[in-house]
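Asks: Mind having a look at this structure? Questions to follow.
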Amino acid sequence: MKRGIRIRREYSHLHFSARRRQGSRLLILLWVLSMVAVGLLVWQFDRVQPEVLALVAPPTPTPSAPTMARTGYDAYMAGDLEQAEAAFAEAVRMEPDNVDFLFEYGRLLLLNDKAEEGLTIADQAIQAAPDDPRGYALKVYALDLLGRAEEAVPIGLAALELDPDFAPTYAYLSGAYNSLGRWVQAQEMGARAVQLDPNNVDARRAYAFSLTWTGRYDLAVQQLEAAITIHPNLEFLYFELAGAYNGLDNQPAMIAIYEHLLEMDPDNTKAMVRMCETYFGLRIDNYAQSYCEQALDLDPTYADAWRQVGMIYFTRRNYESAIDAFEQCVALGSEAIECWYLRGLALYYLAECDQAVPILQEALTRATAEEIRNIVVEGLRLCAVTDDNYDMSIIPTPAPTPTPVPTPIGIF
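In this text, residue positions in the sequence shown follow the working numbering: the first is 1362, and each later residue adds one.
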């Protein structure tokens, strides 16, 4: 018997049907899981965004040392010395033996009053290039700022032997000679620095500084104005120029400078306090008080502003406010003598000798100017004769010749 071909339809059907149902369930499960994942992604997007971007975006390249140096130079030209210092610090970190970067970084540290750190960078530059004058010039500058001018001079002279035409060496030597009271040499070095590099701000500053020590303020003004023309965004140049104008007793010029600084930066508290001091010297007390109080609104930790506003309150016979201001001045660590002896006198004027006497006695130990010592002694004498709790024993022996305590309006 011929065998027929049997097609097991039921088996074939069942087999096919079973596979289709399993695949559908798997697809449904995958769809549900993907929806859950999308929901979680949307919910936590801010959290996962950096990780996702890191997977799909290329990493940001690290700036090179020359790029950081360029950033530092641009910040310096814009007058932002802190940002410039930070950028050059990074350049030096990447290339620690690059004397170009070391010199600029060290100079910025010194301009930012970080003399110890500047000295370290100067030594690093010397070690990297013993025949390069820049490390030695930096060291002269740093040692002078640290009060070690005697050490600085021979190092500067040695640097001149390496390169007799490097202007900054002469500029920094000028500063060291100033610190040693060698005025003639200071001016010679400053003049030579300007001659070698008229566009060097440090050369102009050094020469101006040497001129002010011998009272040649008019010539100092010329040098500082030239420095500002070279670099109009360096704030400290304007304060130095104002100091030179102060030597010429030219308060209108000083006020114009401070107004310009406030145009550059309306929140410049130092300019506000200097404006306060200048108007106080002109006895325009209302303007003076306004500028000092504006500065304190912006920075209540500014000790010098408390000192100056205390002096204004004192001259206006507002003794209570003067005492409060001087107490803030002392609490903030100021060593200004006004915050001691004027506070003691204000307490005397309020008939509070029990508080005035110890403060005046402390002021006497701090005062160096004979005029102020005489005023303090007179304040103690007045407490001795007006308060039964005291006698003349509170006055040191021998006492200077008594000087009458001026009335508040005439004391300054």
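By construction, the Cβ of each residue, glycine as well, lies at the ideal position given by its N, Cα and C atoms.
Where in the region 1556-1624 do unbroken runs of the alpha helix (DSSP H), each at least 4 residues long, occur, reported from the N-terminal end onward?
Replies: Within the region 1556-1624, the complete alpha helix (DSSP H) runs of at least 4 residues are 1562-1573, 1578-1591 and 1596-1608.
Asks: If you run the structure through DSSP and keep just helix, strand and coil, what is Glu1477?
Replies: Three-state DSSP puts Glu1477 in a helix.
Asks: What does the alpha-carbon distance come out to for the pair Val1393 and Met1438?
Replies: Residue confidence is low: Val1393 scores 46 on pLDDT, short of 50, so the model does not pin down where it sits. Its coordinate-derived value is still stated next. Whole-angstrom Cα-Cα distance: 60 Å.
Asks: What's the C-alpha gap between Ala1717 and Gly1740?
Replies: Approximately 9 Å, taken between the alpha carbons.
Asks: Please report the Cβ distance between Phe1464 and Ala1430, rounded to the nearest whole angstrom; I am assuming they are in contact, meaning their Cβ atoms lie under 8 Å.
Replies: Their Cβ separation, rounded to whole angstroms, is 11 Å, which puts Phe1464 and Ala1430 out of contact at 8 Å.
Asks: Let me make sure I understand the geometry here. Which of Met1455, Leu1504, Asp1458 and Gln1488 has the alpha-carbon closest to that of Leu1470?
Replies: When only C-alpha atoms are compared, the closest one is Leu1504.
Asks: Quick check: what's the CA-CA separation for Tyr1702 versus Gly1642?
Replies: Each residue's alpha carbon lies about 19 Å from the other.
Asks: Can you give the Cα-Cα distance for Cys1700 and Pro1424, rounded to whole angstroms?
Replies: Using only the alpha carbons, I get a separation of about 50 Å.
Asks: Determine the extent of the alpha helix (DSSP H) in which Ser1754 is found, giving its start and end residues.
Replies: Unbroken run through Ser1754: none, as it is neither H nor E.
Asks: With DSSP as the reference, label Tyr1680 as helix, strand or coil.
Replies: Tyr1680 falls in the helix class under three-state DSSP.
Asks: According to the neighbour-count rule (16 or more other Cβ atoms, all chains shown, within 10 Å of its Cβ), is Asp1563 buried or exposed?
Replies: Buried is the call here.
Asks: Within 10 angstroms of its Cβ, does Phe1687 collect 16 or more other Cβ (buried), or is it exposed?
Replies: The residue in question, Phe1687, is buried, as its Cβ has 16 or more Cβ neighbours within 10 Å.
Asks: The alpha helix (DSSP H) that contains Thr1726, what's its start and end?
Replies: Cys1714 to Arg1727 is the span of the alpha helix (DSSP H), which, as asked, contains Thr1726.
Asks: Compute the beta-carbon to beta-carbon distance between Val1453 and Ala1490, rounded to the nearest angstrom, for a pair I have assumed lies under 8 Å.
Replies: 14 Å between Cβ atoms; not a contact.
Asks: If you run the structure through DSSP and keep just helix, strand and coil, what is Ser1425?
Replies: The answer is coil: DSSP assigns Ser1425 none of H, G, I, E or B.
Asks: By Cβ distance below 6 Å, which residues in the same chain neighbour Ile1589 in space, the five residues on each side in sequence not counted?
Replies: Here the set comprises Leu1598.
Asks: Which one of Trp1544, Glu1511, Ala1537 and Gly1496 has the shortest CA to CA distance from Phe1527?
Replies: Among Trp1544, Glu1511, Ala1537 and Gly1496, the Cα nearest to that of Phe1527 belongs to Gly1496.
Asks: Exposed or buried, what is Ile1645 when buried is set at 16 or more other beta-carbons lying within 10 Å of its beta-carbon?
Replies: By the neighbour-count rule (16 or more Cβ atoms within 10 Å), Ile1645 is not buried but exposed.
Asks: Whose C-beta lies closer than 8 Å to the C-beta of Trp1667 among residues of the same chain, with five residues either side of it excluded?
Replies: Result list for Trp1667: Leu1657, Ala1686, Phe1687, Gln1689, Cys1690, Leu1693, Ser1695 and Cys1700, in chain order.
Asks: Unbroken alpha helix (DSSP H) runs of length 4 or more, entirely within the region 1453-1504: which are they?
Replies: Runs found: 1460-1472 and 1476-1489.
Asks: Taking Cβ positions, are Pro1494 and Ala1520 nearer each other than 7 Å?
Replies: Cβ distance < 7 Å, so Pro1494 and Ala1520 count as in contact.
Asks: Considering Cα atoms alone, identify which of Asn1611, Tyr1568 and Pro1593 is closest to Met1625.
Replies: If we check each option's Cα against that of Met1625, Pro1593 comes out closest.
Asks: If you follow the alpha helix (DSSP H) that Asn1539 is part of, which residue opens it and which one closes it?
Replies: Run containing Asn1539: Ala1528 to Ser1540, per the alpha helix (DSSP H) assignment.
Asks: Return the residue from the list Leu1602, Tyr1538 and Ala1532 that minimises the CA-CA distance to Asn1561.
Replies: Residue Ala1532 is the option with its Cα nearest to Asn1561.
Asks: Quick one: what does DSSP say Gly1440 is sitting in, helix, strand or coil?
Replies: Correct three-state label for Gly1440: coil.
Asks: Is it a yes or a no for the region 1533-1542 touching the region 1476-1484, going by three-plus beta-carbon pairs under 8 Å?
Replies: No: fewer than three Cβ pairs fall under 8 Å.
Asks: Pick helix, strand or coil for Pro1661, following the three-state DSSP scheme.
Replies: Three-state result, Pro1661: coil.
Asks: Rounded to a whole number of angstroms, what is the C-alpha to C-alpha distance between Val1634 and Leu1585?
Replies: So the two alpha carbons sit approximately 21 Å from each other.
Asks: When burial is assigned at 16 or more other CB atoms within 10 Å of the CB, is Ala1617 buried or exposed?
Replies: Exposed, by the Cβ-count rule.
Asks: Secondary structure at Gly1694, three-state DSSP: helix, strand or coil?
Replies: The answer is coil: DSSP assigns Gly1694 none of H, G, I, E or B.
Asks: With a threshold of 16 other CB atoms inside 10 Å of the CB of Gly1746, please say whether the residue is buried or exposed.
Replies: The residue asked about is misnamed: residue 1746 is Val in this sequence, not Gly. Exposed: under 16 other Cβ atoms inside 10 Å.
Asks: In the DSSP assignment, the alpha helix (DSSP H) including Pro1627 goes from what residue to what residue?
Replies: Looking at the DSSP string, Pro1627 is not in any alpha helix (DSSP H), and its letter there is neither H nor E.
Asks: For the alpha helix (DSSP H) that contains Ile1736, what are its first and last residues?
Replies: From DSSP, the alpha helix (DSSP H) with Ile1736 extends over Glu1731 to Thr1747.
Asks: Report yes if the C-beta distance between Cys1744 and Tyr1709 is below 7 Å; otherwise report no.
Replies: Yes.
Asks: Residues in the same chain with beta-carbon distance under 8 Å from Gly1508, minus the five sequence neighbours each way, listed in chain order, please.
Replies: Excluding sequence neighbours, Gly1508 sits near Ser1540.
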